[in-house]
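Novice: Right, I'll just put the structure down here and ask away after.
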Amino acid sequence: MSNHTQTQTLLNVEGLKTWFPVRRGIWAHTVGYVKAVDGVSFYINKGETLGLVGESGCGKTTLGRTLLGLEKAHAGRADFDGRDLLSVSRRDLRDLRRRVQIIFQDPLSSLNPRMNILDIVTEGLVEFGLLEGRREEHARRLMHDVGLEDGAIYRFPHEFSGGQRQRINIARAVSMKPDFIVCDEPVSALDVSVQAQVINLLEDLREKYNLSYLFISHDLSVVSHIADRVAVMNRGKIVEHGETKDIIDNPQDPYTKELIAAVPVPGGQ
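Counting from 592, one number per residue, gives the positions in the sequence shown under our numbering.
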């Protein structure tokens with residue numbers, strides 16, 4: 592967790608709604624909406640991690656995808672460093688694509704199996720004209736950042752373990768020198784023994800590059816190890832929001848209490 596004494600808001604979300612129409616009949620008339628994200632508001636400061644936690648289907652992944660422009664918002668604002676992510680111009684969108692990155696849940700399906708790691712982690716740099724020096728040198732530095740050996744850049748995704756592939760995903764995300772990364776269940780597909788290593792890596796990179804994270808997870812115990820603050824999401828709404836310690840030690844909403852009760856007790860049966 593960060594120890595910043597001075598805070599500056601990077602992302603401020605107000606009244607965000609992402610609704611999906613329900614259509615019926617031969618003419619596919621809209622008869623209602625699935626309110627995946629329904630009037631959500633929160634903020635993330637520079638250098639901070641906000642944990643977004645809730646059960647599967649609560650809307651947390653849809654929220655992350657909406658911020659990235661992968662789903663269309665029904666209403667609301669998402670001000671990122673002074674620009675609304677939900678209504679940016681083409682010119683601004685290109686810049687925001689560099690500054691806002693994502694780490695997906697499945698480390699294998701999010702990597703192109705036909706590309707070696709050198710191409711994967713430098714593809715964005717080449718596209719945006721950000722490459723300084725030789726590609727190999729930059730790729731090796733990225734491998735060092737995420738704890739992989741230099742020679743990894745000449746190998747392909749299928750040659751790595753799940754934890755190593757997620758490190759490559761992380762390297763690709765930080766290669767663009769972003770300000771903000773959406774971490775969408777980044778450790779849920781990994782063994783428990785590997786999860787802690789990846790969380791520690793994300794923490795180290797946040798400190799090194801002053802990154803901000805939206806860390807999405809169904810597991811409150813995982814979120815509690817990385818998040819400065821926690822937002823609890825249920826049925827498309829944020830039902831509780833506060834400092835991580837306060838949420839864990841003194842939950843107010845019944846749904847939050849259920850999530851905490853479901854956290855395994857070390858050494859328990």
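Glycine included, C-beta positions come from ideal geometry on N, C-alpha and C.
Here the structure is a predicted model, which means the values were calculated and not measured.
1. How would you write the range of the alpha helix (DSSP H) that M734 sits in, first residue to last?
2. Under the three-state reduction of DSSP, which class applies to V854: helix, strand or coil?
3. Indicate the three-state DSSP secondary structure (helix, strand or coil) for K768 in the structure shown.
4. With distance defined between alpha-carbon atoms, name the residue in D686, R763, L677 and I839 nearest to G606.
5. Helix or strand or just coil, what does DSSP make of V679?
6. Put R826 into one of helix, strand or coil per three-state DSSP.
7. Out of curiosity, what's the CA-to-CA distance linking F771 and D670?
8. Give the single residue among G833, I790, D810 and P704 whose Cα lies nearest to the Cα of I817.
9. Which complete beta strand (DSSP E) runs does the segment 766-820 hold, if anything under 3 residues is left out?
10. For E794, I'd like the list of residues in its chain whose CB is within less than 7 Å of its CB, leaving aside the five on either flank, ordered along the chain.
11. Out of H749, P612, V765 and A666, which has the shortest C-alpha to C-alpha gap to Y800?
12. Would you tell me roughly how many angstroms separate the C-alpha atoms of H595 and G638, rounded to the nearest one?
13. Quick check: the Cα distance between I693 and G724, rounded to an integer number of angstroms?
14. Using only the alpha-carbon positions, how far apart do C774 and G623 sit?
15. Is it right to say V628 is buried, meaning 16 or more other beta carbons lie within 10 angstroms of its own, or is it exposed?
16. Could you give the residue range of the beta strand (DSSP E) that holds K626?
17. Using the Cα positions of I711 and T640, report the straight-line distance between them to the nearest angstrom.
18. Which term fits A853, buried or exposed, when burial requires 16 or more other beta carbons within 10 angstroms of its beta carbon?
19. Roughly how far, in whole angstroms, is the beta-carbon of G754 from the beta-carbon of L781, given that I think they are within contact range, below 8 Å?
20. So, at 8 Å on beta carbons, what are the nonlocal neighbours of D675 in its own chain, with the 5 sequence-adjacent residues on each side left out?
21. Could you check what DSSP says for L739 in three-state terms: helix, strand or coil?
22. Can you tell me whether DSSP reads L716 as helix, strand or coil?
23. Is R758 closer than 8 Å to G738 when the C-beta atoms are compared?
24. Assess, as a yes-or-no matter, whether the segment 730-737 is touched by the segment 810-827 under the definition of 3 or more beta carbon pairs within less than 8 Å.
25. Kindly indicate which three-state DSSP category A669 falls into: helix, strand or coil?
Specialist: Once the coordinates are examined:
1. R726 to D736
2. coil
3. Looking at K768 - three-state DSSP - the assignment turns out to be coil, as it is neither helix nor strand.
4. Of the candidates D686, R763, L677 and I839, L677 places its Cα closest to the Cα of G606.
5. coil
6. coil
7. In this structure, the CA atom of F771 is about 13 Å from the CA atom of D670.
8. I790
9. 771-775 and 803-808
10. I817
11. V765
12. Confidence in H595 is poor, its pLDDT being 46 and thus under 50, which makes the residue's placement unreliable; the coordinate value appears in the next sentence. So the alpha carbons of these two residues sit roughly 8 Å apart.
13. 25 Å
14. 31 Å
15. buried
16. Unbroken beta strand (DSSP E) run through K626: H620 to N636.
17. Taken atom to atom, the span from the alpha-carbon of I711 to that of T640 is near 26 Å.
18. Answer is exposed; the Cβ neighbour count stays below 16.
19. 6 Å
20. Contacts found: R668 and A669.
21. coil
22. helix
23. Yes.
24. Taking 8 Å as the limit for Cβ pairs, the verdict is that the segment 730-737 does not touch the segment 810-827.
25. It is a strand residue.
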